[in-house]
Each structure stands twice: as C-alpha cells, then as structure tokens.
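The listed protein sequences derive, respectively, from chains A and B. Here the first sequence is numbered in the numbering used here, starting from 1 and rising by one per residue. Here the second sequence is numbered in the numbering used here, starting from 1001 and rising by one per residue.
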Amino acid sequence: MSTTYAPSAESLNTDTVLPEQYLEVSMGPQHPSTHGVFRMNVVLDGEQVVKLKPVFGYLHRNHEKIAESESYLGNMPYTDRLDYICSITNNWAYAIAVEKLGGIEVPERAEYIRVITGELTRLQNHACLLGFLLQDMGASGTPLMYAFRERETILDLFESLTGARMMCNYLRFGGCRVDLPAGWLDNAKAFLAEFPRFLDEFERLLVGNEILMERSQNVGVLSRELAINSAISGPMARASGLNYDIRKVDGYSIYNRFSFRIPLGSHGDVYDRYMIRFLEMRESVKILEQAMREIPAGPIQNPAIKARLFRPKPGEAYGRIESPKGELGFYLISDGSGIPYRYRVRPPSLINLTVLEDLCLGHNVADVVAILGSVDIVMGEVDR
Amino acid sequence: MELETFKSEIEAAVPGCRLEIIPNPSPSAQHSLLVDPEHGLAAAYYLRDTAQFNFCTNVTGIDWPPKEITEKIKIKQIVDGVEKDVDQVRKTSVPGYLEAVYHLYSIDRKVGPLPLRMRTADRDSRVHLPSLTPVWRSAEFQEREIYDLYGIFFDGHPDLRRLLMWDDFADHPMRRDYVDPDDYEYEPTAHDQVLARAREHAAKAGAL
C-alpha cells in the first residue's frame, strides 16, 4: 500500500488509563483563546502535549437539515450565519453553487461588485485574525484595537451598501441585491487609499518583535505533503508552500482579469501563517484598486432569474470559492423542486482543524493557543 | 471524456472492480464515478497515486429513502371481445440506500471536481462502507460527521466517533425520515404553530 497520513495509533485510544505522570486537561469550551465554544481534550506530560482531541458540536444547529426545508432563496440569509465575520463570501460561495446548478449568467457589474465586497471582506477578516492571534499570544489590546478600527470602516461601508453590518445577505444567484449607492465607491476608494498606511503601521508594530518570533517561529510546522493530503486550504496551506489559490486555479467570477500574486510561505509555522496574511492583504488592495477603477455601468441582476420561484432541473453541483479562511464550497442536489434535496457546506475551518493535533504534539500548552489562533476558525462554520 | 478513461484504467488495475459513470444532467455537468464498496479503497489509492487526485476536498453523505415510482402505461387488453388500449398504473419500488460522496481535485494537474461515490446495500443493517481516511486524511472528520448524521459505518476509520451530536445520542438526524423527539420545553407564545404543538405535547405528556 502507499503512503498514508492517518493519525498515529497511540494518539487514538481515548479511554485507556493514562500513565501516572500524564495529566488530562479540558481546554474550553469557555476558554477565551478558543474563539468560541470549542473544546480540546489535551493530555500533558508536564508542559508538553502528548495527545490533543478537538471536541465539536457546541454550536451545532444542523444548518444543513434546516436548509433542506427552505427554498433556494430562503437559504441565502442563512449562509451569513456560517462564518459570521465574512458573510459576503459565504453568500458568494452559495450563489456560485446555485449558478452552477441552474446554469445562470451573472452581469458584469455584479461580478465587479462581488469582487469588491469579497475582497473588502478578506481585508477585515485577515486584519481581525491578526489582532486575535496577537491577543492570544499576549499582546493585549493594542493590535486588536488597531485591527478593529479598520474593520469598523469596512463595516460602515457594508452598512451603507446592504443595510447590515455583519449579516449582509447581499448577493443573489444571478447578481446582487441592490446597486452601489451614490458616493459609495468614493468612500471605498478613500478608505482603500488609507489602508496600506495601516498595514505598514500594523506590520511594523510587531513584525521584528523578539517575543513574537520566539513564540511563533518553528511552532506548529505543517508540511506541504500533509497539507495536501488533509485538504488544508487558504492562507494556512499557502503558508506551507502549497501554491493553490482558487481565485487563480478556478478563475471563478472575473479574477483572471486582475493582476495579483499568490504569497507563499516556506516553513509552514505560525510565523509564516501570520506573515502570509499581511502579504495577502496587500494583494487584495491591488485587486480592489483595479476593480474600483474598471467597474462598468450596467445591470446588477440577471433579469431571467425569478429568485422566489427558482426551480433548477434535477442534478447536482459543487461550487467553491477562495473565502478568507480557505476553500468554502457548497454541494447542492436538486430533485426539480424549489427546495434543495441535499445541501452541504464544505467548511474550511473544520477541515483545517484536521491537522490540529499533528501541529501541537510535542509543543507546550501555551503554543496550542498560538497554533489554534493561526488556523483561523469561526465556530459558526465549524459546527454549523 | 476523462471519466471513461479512469473507468477502464481502474478496472484494469483493480481486478473485479465494478465502476459506473453516473451522469449529471444539470448544467454543471459534474459527472461522477460510482465504485462498489469492496474495491473502493483500492480504487481510491489508484485515483490518488496514479491519476493524481491528491486533494479530497469535500466528503458528504446523502440519504436516498426507498421510494415508489408510479407510472401510467398503456397496455393492450381484450375488453368485450375487442382489443383496446387500457391505462394501467404500474408501481415499481426502488430500495433505499445511503451514499457517500468524495469530491476530488488534482493540485498538480489543476482539474476537478471528480465526485467519487459509494453506496450502501440498504439503510438499516448493511450500512458499512470502507473508510478512505487512510487515503485522504481530510476525510477523517468528515467521515465522522457522516457516521454521526447519517449512520454510515466506515470500516477502517481510525477513530469513528460522533462529531457534532453528543455521544449518547441515538438517532441520525440528517436522514430524511428523522423525527425529532417530543421532549422540548414549549414556551406558549402567540405563534399558532407553536401553540398547536404545545397543546399536542401537553396532551401526550400530561402537563404543559
């Protein structure tokens, strides 16, 4: 047989009696560094992690079951609640899956609006994540507040466009819900002109900091081979040197019109995952500048689509996008009625956690917090 | 079509393997490959190592309950000595099964998705499929989720426990015929639906 990447046998037996010197600790579900209600059963030998089993389900509401009793349109606002930091990219992934299922064309202006709002979402997600990560590593307050200040501006932009700050419910299959209001693009351009200055400041704040480097370099190293085999996606995979960005690979929407680069890491440790998000934000700024310059006038919704009466032909489709956290996919099966027969979310946060134990073994408890922070999870999406 | 090449290649490489191409009539045209459970693991190794589908993105279950297909057919019958076309309703029952779907991509060849499917024999007792976690580690949590929500047992999975529901939970909530237990504390609100349900509950349980 060929190579396997299965977890080691000794890490599996969950109810064996532990050797005397071991201590079993339950980290979470109410631990401030677990980013929500998430628990890890950690077995420690002194300070060192010998075994780590994540426990899920505290936020489980069977999203997929509920979605299988709602119409295709009715599910759109519900996707906001998956990864509640990046609602627009959730809408986008669902819209792409429905568009593949129904063979729907999207007008050009709508594609530009999707790229602009989607990349803004990426900016605020990455900025927040870096703030959370630094907070987890002990840089109390300041970095997080800097990140939240920028996020605030982006949320204001979302509010004036969609009416909601976090649960945007903005995209529709075949386009967007409303057009950009007057002056919105100018506000967004003004924000974007200021953003690189924030990035410089934020990067300078801690990038050469000795404590940060000590705590993150060579901690939680993920190899490229394991990343591929475990279907790790997004910034986490690229920090391990895996050149796989769905914006480039699939070229969905209009991403092949913009020139941008894919930053790659070489060590795959926490520090690489930290730095890769700065570099990705700089690339997003490039995409945003091009999109805001080139956005054409025109319709924002495909007029042939009757969203409320949408009944795709029987069949199935898997659609995916590069969400800020990784590959967000939706798998839909239609039986010809107005309600999806099967509705499946491929959550990047959950699948990126597959290797959490492999990353943590042999490290100290305090490193678990940094490693988990660098994975970038949102429990709304992990548990669904 | 690439799928047909895979089909013949796998059938040549894995003796006895039965494969079927399931066409997808929707505009997405993502046709899938159905493999029999006995040779699922070998076919998966072939797809990963030789066909370079090294990125198994999405693993999910589907429940297909048994259904009756009713169709009207015309048959010739002799009525009162005269041959006539008579409508007759023919009922065919299709047995139910559970299905696991693996969406495969290739990082190096940049192709995909290739949906790989496996079906159980029925929905009650013969619900075992081979686990593909040794082939693609990404299936580890997702197969646990299918086991939890659909009740497919993955033989060879290193750590098959419930993922989202609690350990004492008995049923599989994503099945189509799942009925949620009547053990809620109903808050009598102004919603008619909830009120009706609360009364129903009170009649059964004896108290509100």
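Beta carbons are placed, not taken as given, at the ideal position from N, Cα and C, and that holds for glycine.
Residue-level contact to chain A via CB, residue i, 9 Å cutoff
| i | result |
| --- | --- |
| C1056 (chain B) | yes |
| H1103 (chain B) | yes |
| F1141 (chain B) | yes |
| L1116 (chain B) | no |
| S1028 (chain B) | yes |
| S1093 (chain B) | no |
| I1062 (chain B) | yes |
| R1137 (chain B) | yes |
| P1173 (chain B) | yes |
| K1072 (chain B) | no |
| P1025 (chain B) | yes |
| P1037 (chain B) | no |
| I1021 (chain B) | no |
| I1211 (chain B) | Absent from the structure is residue 1211 (chain B), since the part of chain B shown begins at 1001 and ends at 1208. |
| R1123 (chain B) | no |
| Y1147 (chain B) | no |
| P1113 (chain B) | yes |
Cβ separation of residue i and residue j, assumed to be a contact under 8 Å, to the nearest whole Å
| i | j | result |
| --- | --- | --- |
| G319 (chain A) | K100 (chain A) | 5 Å |
| V365 (chain A) | E20 (chain A) | At roughly 19 Å, the Cβ-Cβ gap does not stay under 8 Å, so V365 (chain A) and E20 (chain A) are not in contact. |
| A1170 (chain B) | C1056 (chain B) | In fact, because the Cβ distance is near 30 Å, the residues do not count as touching under 8 Å. |
| A188 (chain A) | L155 (chain A) | At roughly 13 Å, the Cβ-Cβ gap does not stay under 8 Å, so A188 (chain A) and L155 (chain A) are not in contact. |
| V1014 (chain B) | A1043 (chain B) | 6 Å |
| Y1102 (chain B) | L1132 (chain B) | 6 Å |
| I246 (chain A) | E322 (chain A) | 4 Å |
| P235 (chain A) | I276 (chain A) | 5 Å |
| S1093 (chain B) | K313 (chain A) | With 8 Å as the limit, S1093 (chain B) and K313 (chain A) do not qualify as a contact, their Cβ atoms being about 25 Å apart. |
| I1107 (chain B) | L1129 (chain B) | No, I1107 (chain B) and L1129 (chain B) are not in contact; Cβ-Cβ is about 25 Å, not under 8 Å. |
| G1156 (chain B) | P1134 (chain B) | 7 Å |
| K1076 (chain B) | D1085 (chain B) | 6 Å |
| D80 (chain A) | M167 (chain A) | 4 Å |
C-beta neighbour in chain B for residue i, strict 9 Å
| i | result |
| --- | --- |
| R165 (chain A) | no |
| M1 (chain A) | Its pLDDT being 44, under 50, M1 (chain A) is placed unreliably by the model, and nothing is read from it. |
| K286 (chain A) | no |
| S71 (chain A) | no |
| V37 (chain A) | no |
| T117 (chain A) | no |
| P263 (chain A) | no |
| G74 (chain A) | no |
| K51 (chain A) | no |
| E327 (chain A) | yes |
| I333 (chain A) | yes |
| I232 (chain A) | yes |
| N218 (chain A) | no |
| D383 (chain A) | yes |
| P312 (chain A) | yes |
Same chain, Cβ closer than 7 Å to residue i, five either side skipped, listed in chain order
| i | result |
| --- | --- |
| I385 (chain A) | Limits of chain A in this structure are 1 at one end and 384 at the other, which puts residue 385 (chain A) out of reach. |
| P29 (chain A) | V37, F38, R39, Y58 |
| L471 (chain A) | Residue 471 (chain A) cannot be examined here, being either before or after the span of chain A that is shown, 1 to 384. |
| S160 (chain A) | P181, W184 |
| I228 (chain A) | L242 |
| I85 (chain A) | N125, C128, V378 |
| P1066 (chain B) | S1093, V1094, P1095, G1096 |
| L205 (chain A) | P143 |
Closer than 7 Å at the beta carbon, the chain D residues around residue i
| i | result |
| --- | --- |
| S1008 (chain B) | The displayed structure is made up of protein chains A and B, and chain D is not among them. |
DSSP bridge partner residues for residue i (one or two, in chain order)
| i | result |
| --- | --- |
| Q301 (chain A) | A:G175 |
| I295 (chain A) | I295 (chain A) is not bridged to any residue. |
| N41 (chain A) | A:S26, A:K53 |
| S1106 (chain B) | B:V1111 |
| I1022 (chain B) | B:S1032 |
| R261 (chain A) | None, per the DSSP bridge assignment. |
| L1116 (chain B) | B:L1033, B:Y1102 |
| Q48 (chain A) | A:D45, A:N364 |
Near the ligand MG: residue i beta-carbon under 8 Å from a heavy atom
| i | result |
| --- | --- |
| Y58 (chain A) | Absence of the ligand MG from the depicted structure is noted, as is the absence of any ligand whatsoever, leaving it without description. |
Same chain, Cβ closer than 6 Å to residue i, five either side skipped, listed in chain order
| i | result |
| --- | --- |
| I351 (chain A) | A231 |
| R1175 (chain B) | D1063 |
Cut-off 8 Å between Cβ atoms - residues of its own chain near residue i, not counting five sequence neighbours on either side
| i | result |
| --- | --- |
| F191 (chain A) | T153, I154, L157 |
| S337 (chain A) | R311 |
| L356 (chain A) | M40, L52, P54, I371, L372, V375 |
| Y78 (chain A) | H63, I66, A67, E70 |
| N75 (chain A) | A67, Y94, P340, Y343 |
Exercise. Quick one: which unbroken alpha helix (DSSP H) runs of 4-plus residues sit fully inside the region 121 to 200 of chain A? Chain order, please.
Key: 142 to 162
Quiz item: In chain order, which alpha helix (DSSP H) runs of at least 4 residues are fully inside the region 1119 to 1187 of chain B?
Solution: 1139 to 1149
Quiz prompt | Inside the region 1029 to 1102 of chain B only - alpha helix (DSSP H) runs reaching at least 4 residues | solution = 1040 to 1049
Quiz item: Of all the alpha helix (DSSP H) runs that stay within the bounds of the region 304 to 377 of chain A, which reach a length of 4 or more residues?
Solution: 348 to 352, 356 to 360, 365 to 375
Quiz item: Which ranges does the alpha helix (DSSP H) cover as unbroken runs of at least 4 residues, wholly within the region 59 to 131 of chain A, from first to last along the chain?
Solution: 63 to 67, 76 to 79, 87 to 102
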